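Engineer: Protein chains in written order, with our numbering: chain L, 65 to 490; chain A, 24 to 284.
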Ligand SMILES: [Zn+2]
């Protein structure tokens, strides 16, 4: 135990990475996780390709609003060592955690590493999408990772009803009882932009039947929605601070899971009030005050995410910049830009493209007949141009992870920005 | 599907994409998009056909494109390739231009031997054989080809070897290519091209795209391909910058190796 604490303060002094104390503690006591979480009644793992961070934040807010004491790992520390590091200060002298629940956002591959140490009582499996990061070469592989996680879970799983990679997991008798979240009929036509084709099986995956406790999303507009239960009853409207379908789906998943975890104690009114207060995580629609003008930073990292983001924002008249880097944390392969349709940007065009692959992005847009005002690979120069040449309109920048980090650093030097922690690319 | 056509198209071209659901991972559909868009911009009409497993391949195809897939995707198309293989081979022999990326490149070869020794027969249109590997060849690629520099991104575990008379598509300047050993990348026979390049391959390499288009149009109209002047500034910049970057990395690596000696 002490080893981890010392490592943590040493890391603080050197300004080191957040996983280091976890690494040391894990070396000293390989069963530290097992031991620490042994007394926590409910251990919930949240994973999937898109929406982990937002959904985890929402689920934690829902549980805390119902008076539960919740331990969670901070945004982005979604590897086991990051979880251990985050846990260290919360442990008592015996190295045990005191909380009603632990809600852990875990990277797909690390979720499996985690379950070797701790069997979660519950798992929330969001989706399986192609990610341009090279870590997982194939989405079939990611689907298998989620399946193994579900099979290692002891009490219950919450699954995405509209994602065949995820929904099919319930067919396995080793997987505990499943509840579902999904889209109401009124928005089913948007599924194509959200969902990868699952070609692993000969037959089309049948959508699972609707149980009385399952929760479906029925949006009213960009920010307001109702939740419809399997028994037909509806609750809402619920309003989020974050815009768009992706955030609403995350909220639906979080509510479905909170209902399972809280049982009778779940209160729709408390839930609605809690969700209204959840601030968008860093980079997920964060708005910076750029000298009196709103500048919105939208992180894009894979085709499904970019497509949904465009569906949310595309037609609103703002000045748009797209910044694409191809460093390791962005994914070195930019092929995925051709799996996104940019047609929704046609009407307003794109003022500038930037980043290491600025010309590739401009080229991509031209193949969708989107006008490109200019190309400037240097992010700082591009930002200056954007601010100087477009003084009249709100600004929106779609950017990959490292491009966002750079832009945010530049913006932080000029304007007041809220502190931001170490956010991982996953 | 009929795309928006120019006022009075110079000719109509049937563009077939093989297995868009199963075999077009990593943006390979972008190649089809680029061919269709450039055809239109050059003044030709396009009939785009998505060919799905179990359907009959259009015998009048003028241009055929295929991409990479996962193992599950390859398994889904095996039976259809067997049914439509003879027609594809006949079209290839007859000079129909084809571009096959990654998984479909492998299936256009003689055979593919998996890591566990299973042998899957291919169409044998290209004289190449592929062996499954435990190491994956992943990263950005730059090639020298008859169309000049070509850039893309490879991601494959199959290691491909050319037959004695099989021409490669290009020589590797940066990246692994067919097998990481002999410096070759891809294969070309007549107008049939196989390559590991995603990226996708065509957008930043317009000379290559237009060569495929020319071969298709030349088959349809006797006066041949009459290109329009297209603005390829973005493509040229994207490609040149990528080549400069990748060769700089390579030069740095060589220098370090020399210094270590
Ligand atoms: Zn590939």
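Ideal Cβ positions, reconstructed from N, Cα and C, are used throughout, including at glycine. Note that the coordinates shown come from a computational prediction; the quantities given were computed from them, not determined experimentally.
What's the C-alpha gap between residue 199(L) and residue 390(L)?
Structural biologist: Numbered from 1 along the first chain, position 135 holds the residue referred to as residue 199(L). Numbered from 1 along the first chain, position 326 holds the residue referred to as residue 390(L). Residue placement at residue 199(L) is poorly supported in this model, since its pLDDT is 47, which falls under 50; the coordinates are not used for a value here.
Engineer: May I ask you to check if the CB of residue 179(A) is nearer than 7 angstroms to at least one heavy atom of ligand 2?
Structural biologist: No copy of ligand 2 occurs in the structure displayed; its ligands are ligand 1 alone.
Engineer: Counting only runs of 3+ residues fully inside the region 151 to 226 of chain L, write out the beta strand (DSSP E) ranges in chain order.
Structural biologist: DSSP runs (the beta strand (DSSP E)) wholly in the region 151 to 226 of chain L: 165 to 169, 186 to 189 and 220 to 224.
Engineer: So which residues of chain L does residue 194(A) contact, with C-beta pairs closer than 8 angstroms?
Structural biologist: Mapped onto the second chain, residue 194(A) falls at position 171. The premise fails here: residue 194(A) is roughly 22 angstroms from chain L at the closest Cβ pair, so nothing lies under 8 angstroms.
Engineer: Does any residue of chain A have a CB that is nearer than 8 angstroms to the CB of residue 428(L)?
Structural biologist: Looking up residue 428(L) in the first chain gives position 364. The beta carbon of residue 428(L) sits closer than 8 angstroms to some beta carbon of chain A.
Engineer: Strictly below 9 angstroms CB to CB, what residues from chain A border residue 401(L)?
Structural biologist: As a first step, residue 401(L) must be located in the first chain, where it is residue number 337. Within 9 angstroms Cβ-Cβ: 50 and 53.
Engineer: By DSSP, does residue 128(A) sit in helix, in strand, or in coil?
Structural biologist: In the second chain, counting from the first residue as 1, residue 128(A) sits at position 105. Here residue 128(A) sits in helix by DSSP.
Engineer: Start and end of the alpha helix (DSSP H) containing residue 148(A)?
Structural biologist: Position 125 of the second chain, counted from the start, is the residue given in the question as residue 148(A). The continuous stretches of alpha helix (DSSP H) do not include residue 148(A), and DSSP gives it neither H nor E.
Engineer: Which first and last residues belong to the alpha helix (DSSP H) in which residue 276(L) is found?
Structural biologist: Counted from its first residue, the first chain places residue 276(L) at position 212. Looking at the DSSP string, residue 276(L) is not in any alpha helix (DSSP H), and its letter there is neither H nor E.
Engineer: Answer with yes or no whether the minimum CB distance from residue 120(A) to chain L is below 8 angstroms.
Structural biologist: By 1-based counting over the second chain, the position of residue 120(A) is 97. Not an interface residue.
Engineer: Could you spell out the range, first to last residue, of the beta strand (DSSP E) harbouring residue 35(A)?
Structural biologist: Residue numbering aside, residue 35(A) sits at position 12 when the second chain is read from its first letter. Following the DSSP letters along the chain, one finds residue 35(A) inside the beta strand (DSSP E) bounded by residues 35 to 41.
Engineer: Please confirm whether residue 423(L) has its beta-carbon closer than 8 angstroms to some beta-carbon of chain A.
Structural biologist: By 1-based counting over the first chain, the position of residue 423(L) is 359. Output row for residue 423(L): interface = yes.
Engineer: Please classify residue 466(L): is it buried, with 16 or more other beta-carbons within 10 angstroms of its beta-carbon, or exposed?
Structural biologist: Sequence index remark: in the first chain, residue 466(L) carries index 402 (1-based). Per the 10 Å Cβ criterion, buried.
Engineer: Could you check which residue in 209(A), 195(A) and 150(A) has the C-alpha nearest to that of residue 186(A)?
Structural biologist: For the purposes of this step, residue 186(A) is taken as residue 163 along the second chain, with counting starting at 1. Closest by alpha carbon: 150(A).
Engineer: If we count the other Cβ atoms within 10 Å of its Cβ and call it buried at 16 or more, is residue 229(A) buried or exposed?
Structural biologist: On the second chain, residue 229(A) is found 206 positions in, with the first residue counted as 1. Residue 229(A) should be labelled buried.
Engineer: For a quick check, are the C-beta atoms of residue 398(L) and residue 424(L) less than 8 angstroms apart?
Structural biologist: For the purposes of this step, residue 398(L) is identified with residue 334 of the first chain, where counting begins at 1. For the purposes of this step, residue 424(L) is identified with residue 360 of the first chain, where counting begins at 1. Yes, these two residues count as a Cβ contact at 8 angstroms.
Engineer: Please report the distance separating the alpha-carbon of residue 133(L) from that of residue 321(L).
Structural biologist: The residue labelled residue 133(L) in the question sits at position 69 within the first chain. The residue labelled residue 321(L) in the question sits at position 257 within the first chain. Taking the straight line joining both Cα atoms gives about 16 angstroms.
Engineer: Does residue 207(A) have its Cβ less than 8 angstroms from a Cβ in chain L?
Structural biologist: Taking the second chain and counting its residues from 1, one reaches residue 207(A) at position 184. Not closer than 8 angstroms to any Cβ of chain L, the Cβ of residue 207(A) fails to qualify, so no.
Engineer: I'd like the list of long-range same chain contacts for residue 145(A), defined as Cβ closer than 7 angstroms, with 5 residues on each side in sequence excluded.
Structural biologist: Within the second chain, the letter at position 122 stands for residue 145(A). Counting only Cβ-Cβ distances below 7 angstroms, and skipping sequence neighbours, we find 129, 130, 131, 132, 133, 134 and 135.
Engineer: Unbroken alpha helix (DSSP H) runs of length 4 or more, entirely within the region 111 to 140 of chain L: which are they?
Structural biologist: 116 to 129
Engineer: Could you name the residues of the same chain whose beta carbon sits closer than 7 angstroms to that of residue 81(A), not counting the 5 residues immediately before and after it, in chain order?
Structural biologist: As a first step, residue 81(A) must be located in the second chain, where it is residue number 58. The answer, listed in chain order, is 37, 39 and 72.
Engineer: Any contact between the region 77 to 95 of chain A and the region 200 to 213 of chain A? By contact I mean 3 or more CB pairs, one from each, below 8 angstroms.
Structural biologist: no
Engineer: Just mark residue 113(A) as buried or exposed, buried being the case when its beta carbon has 16 or more other beta carbons within 10 Å.
Structural biologist: Along the second chain, one-based indexing puts residue 113(A) at 90. Burial call: exposed.
Engineer: CB of residue 296(A) to nearest heavy atom of ligand 1: below 7 angstroms?
Structural biologist: Look at the range of chain A in this structure, 24 to 284, and you will see that residue 296(A) is not part of it.
Engineer: Could you tell me whether any Cβ in chain L is nearer than 8 angstroms to the Cβ of residue 178(A)?
Structural biologist: Taking the first residue of the second chain as 1, we reach residue 178(A) at position 155. Judged by the 8 angstroms Cβ criterion, residue 178(A) is in contact with chain L.
Engineer: Just to confirm the assignment: which complete beta strand (DSSP E) runs, minimum length 3, are found wholly within the region 171 to 254 of chain A?
Structural biologist: 171 to 179, 182 to 185, 193 to 197, 210 to 212 and 215 to 218
Engineer: Against chain L, does residue 264(A) count as a neighbour if the rule is that its beta carbon must be under 8 angstroms from one of theirs?
Structural biologist: Counting from 1 along the second chain, the entry for residue 264(A) is found at position 241. Closer than 8 angstroms to some Cβ of chain L, the Cβ of residue 264(A) qualifies, so yes.
Engineer: Going by DSSP, name the residue or residues bridged to residue 299(L).
Structural biologist: Position 235 of the first chain holds residue 299(L). Beta-bridge pairing by DSSP links residue 299(L) to 291(L).
Engineer: Tell me whether the region 153 to 161 of chain A and the region 256 to 270 of chain A touch, counting them as touching only if at least three CB pairs, one residue from each stretch, are closer than 8 angstroms.
Structural biologist: no
Engineer: Strictly by DSSP, which residues pair up with residue 89(A)?
Structural biologist: The residue labelled residue 89(A) in the question sits at position 66 within the second chain. As a beta-bridge residue in DSSP terms, residue 89(A) pairs with 123(A).
Engineer: Which residue or residues does DSSP assign as beta-bridge partners of residue 13(L)?
Structural biologist: Outside the shown range of chain L, which is 65 to 490, sits residue 13(L), and nothing can be said about it.
Engineer: If you measure from the beta carbon of residue 226(A) to each beta carbon in chain L, is any gap under 8 angstroms?
Structural biologist: Within the second chain, numbered from 1, the residue matching residue 226(A) stands at position 203. Closer than 8 angstroms: yes.
Engineer: Leaving aside the five residues before and after residue 65(A) along the sequence, list all residues of the same chain whose C-beta is less than 6 angstroms from its C-beta, in chain order.
Structural biologist: Your numbering for residue 65(A) matches position 42 in the second chain. Only 250 and 251 meet the Cβ criterion.
Engineer: Counting only beta-carbon atoms, is residue 78(A) nearer than 8 angstroms to chain L?
Structural biologist: Stepping through the second chain from its first residue, residue 78(A) is reached at position 55. Not one chain L Cβ lies under 8 angstroms of residue 78(A).
Engineer: Look at residue 431(L) and residue 352(L) and say whether their C-beta atoms are less than 8 angstroms apart.
Structural biologist: Residue numbering aside, residue 431(L) sits at position 367 when the first chain is read from its first letter. Residue numbering aside, residue 352(L) sits at position 288 when the first chain is read from its first letter. Taking C-beta atoms as the reference points, residue 431(L) and residue 352(L) fail to come closer than 8 angstroms.
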